[in-house]
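Reading through the C-alpha cells given below for one structure.
Protein chains in written order, with the working numbering: chain H, 50 to 285; chain E, 50 to 285.
Printed below as a string of C-alpha cells:
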C-alpha cells in the first residue's frame with residue numbers, strides 16, 4: 050500500500066553533535082536534499098523495494114516516466130516533494146539548492162554493513178563529475194501539502210518513507226521525518242500526518258516518542274480502480 | 050478534528066434525470082462550482098459549523114484572513130481546492146468558470162425545510178447583481194492532491210466535506226464527493242481518499258456503497274502543536 054511509512058524506523062538518532070569515535074565505530078556522513086529529475090531512477094527502485102517490503106508488488110505500476118512527469122511540475126513544497134537521503138564515507142561537496150539548504154549530519158555507527166547495491170544506488174546528483182565519490186542514495190521521503198481546515202493553515206502529509214535495508218536501525222527514518230517536520234515549522238504549517246499499520250507497535254512507539262499522536266478512531270476510506278473510474282461516466 | 054468527512058451523508062442521490070414531480074415534492078436546482086475568494090466568509094462559517102458538529106470548537110482558529118491567504122494561491126486542482134454546493138428554487142444563471150464547468154442537477158425533494166440561515170448563506174458569487182436571486186450556499190468540500198506512489202500518479206485527498214443541517218439526507222454529500230471523484234478521473238488521477246470515524250457505521254456503509262474500501266489496518270499519525278514546533282529548533 051502506498052500511503053504509508055514503510056520501515057519500522059530505528060530507535061534513536063545516533064548522534065547529531067561532533068562525536069567522539071570509539072573503537073569499532075565508523076563515521077558516516079549523511080545528507081538530506083531535495084530530489085531532482087536525475088534521481089528518478091533511484092526513486093523508482095526505492096518505491097519498488099517498498100512494494101516488495103509490503104508484499105504489494107502486484108500494485109506496483111509506477112514507471113520512471115510516470116514519476117518524471119508528475120513529481121517535478123511545481124516548486125518544492127507546493128505540491129509533491131521528495132527528499133533524498135544520501136550517505137558517504139567522505140564529506141559532501143556543496144550542491145546548488147536555493148529552495149532547500151541540505152541538512153548534513155555526521156553520525157557514528159557501530160557497524161557499516163556492506164551495501165550490496167552500492168553501484169545501483171550511486172548518487173547521480175552528487176557524483177556528477179565521477180571523480181570517485183562514494184555518495185550513495187540510502188532512502189527517501191515523499192510528502193505533499195495537506196490542509197488543516199480548523200486552523201485555516203497548510204500542513205504536510207507524508208505519503209511514503211523508505212530507508213534501504215542495510216541502512217536501517219541508524220536513526221535515518223527519524224532524520225527524514227524530522228526534516229519534513231522542520232520544513233513544516235519553517236513554512237508556518239500546522240500539522241504533519243502519515244499512516245502506520247496498527248499492528249506495527251514498534252513504529253507506533255517510535256512515532257509517539259517523536260511527539261506524534263495516533264488517531265485511534267479514524268479510518269481511511271479509499272476509492273480506486275474500477276470503482277473510481279466509474280465516476281468518469283457523468284451518469285454514475 | 051479537521052481531516053474528516055463530517056456529516057453522515059444521505060443514502061442516495063434523489064434523482065439525476067429530469068424528474069416527474071409528485072404531489073408534495075419540490076424541485077430544487079443544485080450546482081457544484083469552484084470556490085472563489087468571495088466565498089471565504091461562507092467557507093469560514095461552514096468550517097465553524099463543522100467544528101460545532103464535531104465538538105471541537107476549541108480547535109477552531111481559522112480566520113477569514115487565514116483562509117483567504119492560503120486557499121487561492123495555486124490554480125484549481127494543483128493544491129487546496131474548494132467546491133461550493135449551491136441550491137436555488139430557480140434555474141442558475143451562467144457563471145464564468147473556465148477551469149471547471151459547474152455541475153448542475155435538478156433534484157426532487159419531498160420536503161424543503163425552511164433555511165434558518167438563508168440570509169447568512171446567500172451566495173455572494175451567484176447573487177452579485179442582487180436581483181432577487183435566492184441562491185444559497187448549502188455545503189462545501191475541500192480537497193488537495195495526494196500521490197499514489199506505487200502507481201506514480203496523483204490522487205485527491207478529501208480533507209473536509211460539510212452539508213448544512215437543513216440540506217442533509219438529500220444526496221448532496223454524495224454529489225460533492227462524486228464531483229471530486231469525477232474530477233480525479235478526468236485528470237487521470239488514480240485514487241480518492243478521505244477519513245471516517247470508525248463508529249460511524251452509517252457513513253461507512255454509505256462510502257462502501259459508493260465503491261470505497263475502508264482500510265481497517267491503517268492508523269493516522271499526527272504531529273501538531275508544541276510537539277511539531279519543537280522541530281523548528283535545529284537541535285531537536
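Cβ coordinates follow ideal geometry from the N, Cα and C atoms, glycine included.
No residue range can be given for residue 86 (chain E), since it is assigned to no beta strand (DSSP E) and is classified by DSSP as neither H nor E.
Only 198, 199, 200, 201, 202, 203, 206, 208 and 209 from the stretch 198 to 210 of chain H bring a Cβ to less than 7 Å from some Cβ of chain E. Listed by position along chain E, the residues whose Cβ is nearer than 7 Å to that of residue 239 (chain H) are 273. Contact note: residue 116 (chain E) reaches chain H through 201, using a C-beta cutoff of 7 Å and chain order.
Sequence-distant partners of residue 233 (chain E) (beyond 5 residues in either direction) whose C-beta falls short of 6 Å from its own C-beta, in its chain, are 205 and 241.
For residue 80 (chain H), the beta-bridge partners assigned by DSSP are H:135 and H:153.
When E:139, E:168, E:270 and E:277 are compared, the shortest CA-CA separation from residue 91 (chain E) is found for E:168. For residue 129 (chain E), the residues of chain H that pass the 7 Å Cβ criterion are 196, in the order they occur in the chain. Residue 154 (chain E) and residue 113 (chain E) have their alpha carbons spaced roughly 30 Å apart. Identification of residues in the stretch 242 to 267 of chain E having a C-beta nearer than 8 Å to some C-beta of chain H yields 242, 243, 244, 245, 246, 247, 248, 253, 256, 259, 260, 261, 262, 263, 264, 265, 266 and 267, given in sequence order. For residue 235 (chain E), the residues of chain H that pass the 9 Å Cβ criterion are 281, in the order they occur in the chain. Here residue 87 (chain E) is exposed: its Cβ has fewer than 16 other Cβ atoms, across all protein chains shown, within 10 Å. If you compare the alpha carbons of H:93, H:78 and H:74 with that of residue 184 (chain H), the shortest gap goes to H:78. Across the stretch 143 to 161 of chain E, no CB contact with chain H closer than 8 Å is found for any residue. Pairwise C-beta distances place the stretch 189 to 204 of chain E out of contact with the stretch 146 to 166 of chain E, as fewer than three of them are shorter than 8 Å. The stretch 215 to 227 of chain H and the stretch 119 to 129 of chain E do not touch, with fewer than three beta-carbon pairs separated by less than 8 Å. Only exposed fits residue 162 (chain H), as fewer than 16 other CB atoms lie within 10 angstroms of its CB.
Within the DSSP bridge table, the entry for residue 203 (chain E) names E:196 as partners. Rounded to the nearest whole angstrom, the C-alpha separation of residue 82 (chain H) and residue 174 (chain H) is 10 Å.
In this structure, residue 276 (chain H) sits away from residue 237 (chain E), with a CB-CB distance that is not shorter than 8 Å. As DSSP reads the structure, residue 244 (chain H) sits in a beta bridge with E:269. Within the model, the alpha-carbon separation for residue 228 (chain E) versus residue 152 (chain E) is close to 8 Å.
With contacts defined as CB atoms closer than 8 Å, residue 274 (chain E) and residue 111 (chain H) fail to qualify as a contacting pair. For residue 160 (chain H) and residue 215 (chain H), the gap between their C-alpha atoms comes out near 10 Å. The beta-bridge partner set that DSSP reports for residue 171 (chain H) consists of H:185.
Proximity of residue 167 (chain H) to chain E, defined by a Cβ-Cβ separation below 8 Å, is not satisfied.
Spanning the alpha carbons of residue 89 (chain H) and residue 116 (chain H) requires a straight line of approximately 7 Å.
DSSP places residue 262 (chain H) in the uninterrupted beta strand (DSSP E) bounded by 262 to 264. If the five residues before and after residue 253 (chain H) are omitted, its C-beta is found closer than 7 Å to the C-beta atoms of 245 and 263, all from its own chain and listed in chain order. Each residue's CA atom was taken as its position, placing residue 248 (chain E) and residue 93 (chain H) some 38 Å apart. Close CB contacts of residue 170 (chain H) within its chain, under the 8 Å cut and outside five residues either way in sequence, are with 91, 94, 164, 185, 186, 187 and 213 (chain order). Taking 8 Å as the CB threshold, residue 79 (chain H) stays off the interface with chain E. Per DSSP, the beta-bridge partners of residue 130 (chain H) are H:192. Counting only residues of its own chain and dropping the five nearest sequence neighbours on each side, residue 195 (chain E) has a CB closer than 8 Å to the CB of 203, 204, 205, 206, 240 and 242.
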